[in-house]
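Down below is the structure, laid out as C-alpha coordinates.
Numbering (our numbering), first residue to last: 12 to 197.
Structural data, given as C-alpha coordinates:
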(Lines of atoms letter the chains of each structure in order from A and count residues from 1; the text may use other names and numbers.)
(Lines give C-alpha, C1' and ligand atoms only; values in the text may rest on other atoms or scores of the structure.)
Protein backbone atom coordinates (compact mmCIF):
# COMPACT_ATOMS: atom_id res chain seq x y z
CA UNK A 1 0.00 0.00 0.00
CA UNK A 2 1.20 3.53 -0.81
CA UNK A 3 1.02 6.02 2.05
CA UNK A 4 0.91 9.78 2.15
CA UNK A 5 4.12 11.49 3.10
CA UNK A 6 3.65 14.11 5.77
CA UNK A 7 1.96 17.25 4.43
CA UNK A 8 3.48 19.21 7.31
CA UNK A 9 7.21 19.44 6.58
CA UNK A 10 9.23 21.91 8.68
CA UNK A 11 11.74 22.64 5.90
CA UNK A 12 9.06 23.46 3.30
CA UNK A 13 9.23 27.11 2.30
CA UNK A 14 6.51 26.66 -0.29
CA UNK A 15 3.81 24.15 -1.18
CA UNK A 16 2.80 23.97 -4.83
CA UNK A 17 -0.70 22.81 -5.75
CA UNK A 18 -1.73 22.15 -9.34
CA UNK A 19 -4.34 20.19 -11.21
CA UNK A 20 -4.15 18.39 -14.55
CA UNK A 21 -7.44 17.66 -16.29
CA UNK A 22 -7.27 14.43 -18.26
CA UNK A 23 -10.93 13.59 -18.88
CA UNK A 24 -11.10 9.85 -18.24
CA UNK A 25 -9.93 7.35 -15.63
CA UNK A 26 -7.69 5.62 -18.19
CA UNK A 27 -5.97 8.86 -19.21
CA UNK A 28 -5.69 9.88 -15.55
CA UNK A 29 -3.91 6.67 -14.59
CA UNK A 30 -1.66 6.81 -17.67
CA UNK A 31 -0.65 10.41 -16.90
CA UNK A 32 -0.05 9.60 -13.22
CA UNK A 33 2.10 6.59 -14.10
CA UNK A 34 4.08 8.63 -16.64
CA UNK A 35 4.75 11.44 -14.15
CA UNK A 36 5.91 9.00 -11.47
CA UNK A 37 8.19 7.26 -13.99
CA UNK A 38 9.69 10.61 -15.02
CA UNK A 39 10.39 11.59 -11.40
CA UNK A 40 11.82 8.19 -10.56
CA UNK A 41 14.10 8.16 -13.62
CA UNK A 42 15.49 11.66 -13.23
CA UNK A 43 17.82 13.31 -10.78
CA UNK A 44 15.88 14.35 -7.69
CA UNK A 45 16.22 18.11 -7.08
CA UNK A 46 17.89 18.79 -3.75
CA UNK A 47 15.32 21.48 -2.90
CA UNK A 48 12.31 19.25 -3.61
CA UNK A 49 11.20 17.68 -0.34
CA UNK A 50 8.19 15.74 -1.60
CA UNK A 51 5.98 15.24 -4.63
CA UNK A 52 2.49 13.78 -4.12
CA UNK A 53 0.38 12.64 -7.07
CA UNK A 54 -3.34 12.17 -6.42
CA UNK A 55 -6.03 10.81 -8.78
CA UNK A 56 -9.50 12.38 -8.75
CA UNK A 57 -12.03 9.80 -7.61
CA UNK A 58 -14.28 10.75 -10.54
CA UNK A 59 -11.43 9.89 -12.93
CA UNK A 60 -11.19 13.34 -14.51
CA UNK A 61 -7.72 14.40 -13.47
CA UNK A 62 -4.76 14.64 -11.15
CA UNK A 63 -3.78 16.83 -8.24
CA UNK A 64 -0.13 17.51 -7.51
CA UNK A 65 1.12 18.67 -4.13
CA UNK A 66 4.84 19.43 -3.98
CA UNK A 67 6.90 20.78 -1.10
CA UNK A 68 10.02 22.78 -1.98
CA UNK A 69 12.47 24.60 0.24
CA UNK A 70 11.70 27.86 -1.61
CA UNK A 71 9.92 29.35 -4.62
CA UNK A 72 13.29 30.43 -6.03
CA UNK A 73 14.63 26.86 -5.98
CA UNK A 74 11.48 25.59 -7.70
CA UNK A 75 11.65 28.29 -10.38
CA UNK A 76 15.31 27.51 -11.09
CA UNK A 77 14.46 23.83 -11.53
CA UNK A 78 11.31 24.58 -13.59
CA UNK A 79 13.22 26.73 -16.07
CA UNK A 80 15.81 24.00 -16.59
CA UNK A 81 13.85 20.72 -16.37
CA UNK A 82 10.05 21.01 -16.23
CA UNK A 83 9.52 21.35 -19.98
CA UNK A 84 11.22 18.05 -20.77
CA UNK A 85 9.19 16.14 -18.19
CA UNK A 86 5.87 17.62 -19.31
CA UNK A 87 6.73 17.05 -22.98
CA UNK A 88 7.38 13.34 -22.40
CA UNK A 89 4.09 12.98 -20.47
CA UNK A 90 2.21 14.85 -23.22
CA UNK A 91 3.62 12.44 -25.81
CA UNK A 92 2.01 9.54 -23.92
CA UNK A 93 -1.19 11.37 -22.92
CA UNK A 94 -1.85 14.27 -25.33
CA UNK A 95 -4.33 17.04 -24.61
CA UNK A 96 -3.94 17.38 -20.83
CA UNK A 97 -5.34 20.70 -19.59
CA UNK A 98 -3.32 22.46 -16.87
CA UNK A 99 -5.35 25.28 -15.28
CA UNK A 100 -2.37 26.65 -13.36
CA UNK A 101 0.00 26.38 -10.45
CA UNK A 102 -0.80 27.79 -7.02
CA UNK A 103 2.10 28.82 -4.81
CA UNK A 104 0.97 28.41 -1.23
CA UNK A 105 2.27 28.21 2.28
CA UNK A 106 0.89 26.11 5.08
CA UNK A 107 -1.06 28.46 7.33
CA UNK A 108 -2.08 25.90 9.95
CA UNK A 109 -3.07 22.30 10.45
CA UNK A 110 -5.76 20.76 12.61
CA UNK A 111 -5.05 17.11 13.37
CA UNK A 112 -7.96 15.11 14.77
CA UNK A 113 -6.42 11.63 14.51
CA UNK A 114 -2.76 11.37 13.62
CA UNK A 115 -2.55 7.66 14.35
CA UNK A 116 -4.06 6.32 11.12
CA UNK A 117 -2.79 6.64 7.57
CA UNK A 118 -5.22 8.56 5.33
CA UNK A 119 -7.01 6.74 2.55
CA UNK A 120 -8.66 9.70 0.82
CA UNK A 121 -8.01 13.39 0.28
CA UNK A 122 -10.40 16.29 -0.28
CA UNK A 123 -9.40 19.71 -1.57
CA UNK A 124 -11.57 22.79 -1.22
CA UNK A 125 -10.85 26.30 -2.44
CA UNK A 126 -12.51 28.46 0.18
CA UNK A 127 -12.12 30.98 2.93
CA UNK A 128 -10.31 29.66 5.97
CA UNK A 129 -12.67 28.70 8.73
CA UNK A 130 -13.10 26.35 11.62
CA UNK A 131 -12.67 22.69 10.80
CA UNK A 132 -14.56 20.53 13.21
CA UNK A 133 -14.03 16.85 13.66
CA UNK A 134 -16.20 14.48 11.65
CA UNK A 135 -16.15 10.68 11.65
CA UNK A 136 -13.15 9.69 9.54
CA UNK A 137 -11.61 13.19 9.27
CA UNK A 138 -7.99 12.76 10.29
CA UNK A 139 -6.60 16.24 9.57
CA UNK A 140 -7.21 19.53 7.77
CA UNK A 141 -4.30 21.54 6.36
CA UNK A 142 -5.06 25.16 5.47
CA UNK A 143 -2.87 26.67 2.77
CA UNK A 144 -2.89 30.32 1.72
CA UNK A 145 -1.70 31.51 -1.66
CA UNK A 146 1.32 33.81 -1.50
CA UNK A 147 -0.83 36.84 -2.34
CA UNK A 148 -3.47 35.82 0.23
CA UNK A 149 -6.21 35.82 -2.42
CA UNK A 150 -7.12 32.14 -2.14
CA UNK A 151 -7.28 29.44 0.50
CA UNK A 152 -6.92 25.73 -0.13
CA UNK A 153 -8.09 23.32 2.56
CA UNK A 154 -6.61 19.86 2.17
CA UNK A 155 -8.42 17.29 4.30
CA UNK A 156 -7.05 13.84 5.05
CA UNK A 157 -9.76 11.19 5.52
CA UNK A 158 -9.58 7.63 6.78
CA UNK A 159 -11.16 6.38 3.54
CA UNK A 160 -13.40 7.36 0.64
CA UNK A 161 -16.54 6.08 2.41
CA UNK A 162 -16.06 8.42 5.39
CA UNK A 163 -15.47 11.35 3.04
CA UNK A 164 -18.55 10.42 1.00
CA UNK A 165 -20.69 10.33 4.14
CA UNK A 166 -19.40 13.76 5.20
CA UNK A 167 -20.18 15.20 1.77
CA UNK A 168 -23.72 13.78 1.81
CA UNK A 169 -24.56 14.76 5.39
CA UNK A 170 -22.39 17.75 6.19
CA UNK A 171 -22.65 20.00 3.18
CA UNK A 172 -18.97 19.68 2.25
CA UNK A 173 -18.27 20.57 -1.37
CA UNK A 174 -14.79 19.48 -2.24
CA UNK A 175 -13.03 17.61 -4.97
CA UNK A 176 -12.07 14.10 -3.87
CA UNK A 177 -8.78 12.32 -4.52
CA UNK A 178 -6.94 9.14 -3.70
CA UNK A 179 -3.20 8.87 -3.48
CA UNK A 180 -1.44 7.51 -6.54
CA UNK A 181 2.14 7.91 -5.31
CA UNK A 182 4.25 9.95 -2.91
CA UNK A 183 7.90 10.53 -3.64
CA UNK A 184 10.45 12.43 -1.64
CA UNK A 185 12.79 13.01 1.22
CA UNK A 186 10.12 13.25 3.96
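Virtual Cβ for every residue (Gly too), placed ideally from N, Cα, C.
With H, G and I counted as helix, E and B as strand and the rest as coil, what does DSSP make of residue i?
i: residue 18; result: coil
i: residue 88; result: helix
i: residue 68; result: coil
i: residue 125; result: coil
i: residue 169; result: coil
i: residue 193; result: strand
i: residue 176; result: helix
i: residue 119; result: strand
i: residue 102; result: helix
Opposite residue i in the DSSP bridges: which residues?
i: residue 107; result: BP columns for residue 107 are empty, so no partner.
i: residue 25; result: 79
i: residue 60; result: BP columns for residue 60 are empty, so no partner.
i: residue 161; result: BP columns for residue 161 are empty, so no partner.
i: residue 114; result: 27
i: residue 187; result: 133
Grab me the residues of residue i's own chain with a C-beta within less than 7 Å of its C-beta, minus the 5 sequence neighbours each way, in chain order.
i: residue 130; result: 168, 169, 170 and 171
i: residue 127; result: 149 and 169
i: residue 13; result: Because residue 13 carries a pLDDT of 45, less than 50, the predicted location of this residue cannot be relied on, and the following value inherits that uncertainty. For residue 13, where only same-chain residues beyond five positions count, the Cβ hits under 7 Å are 190, 192 and 193.
i: residue 155; result: 115, 116, 118 and 162
i: residue 179; result: none
Take residue i and list the residues in its own chain whose beta-carbon comes closer than 6 Å to its own, dropping the five residues that flank it on each side.
i: residue 194; result: 50 and 62
i: residue 19; result: 120
i: residue 96; result: 49
i: residue 122; result: 150
i: residue 29; result: 75 and 112
i: residue 21; result: none
Enumerate in chain order the residues of its own chain whose CB-to-CB distance from residue i is below 8 Å, with the five nearest sequence positions on each side excluded.
i: residue 188; result: 65, 66, 67, 68, 74, 131, 132, 133 and 134
i: residue 146; result: 173, 176 and 177
i: residue 42; result: 31, 33, 73, 100, 103, 104 and 107
i: residue 45; result: 99, 100, 103 and 104
Name the two residues that bound the continuous beta strand (DSSP E) containing residue i.
i: residue 151; result: 148-156
i: residue 136; result: 131-137
i: residue 41; result: Where residue 41 is concerned, there is no enclosing beta strand (DSSP E), although the alpha helix (DSSP H) it sits in stretches over 36-52.
Since residue i contacts residue j with CB under 8 Å, what's their CB separation in whole angstroms?
i: residue 52; j: residue 80; result: The Cβ separation is near 22 Å, so there is no contact.
i: residue 23; j: residue 115; result: Actually they do not touch by this definition, with Cβ atoms about 10 Å apart.
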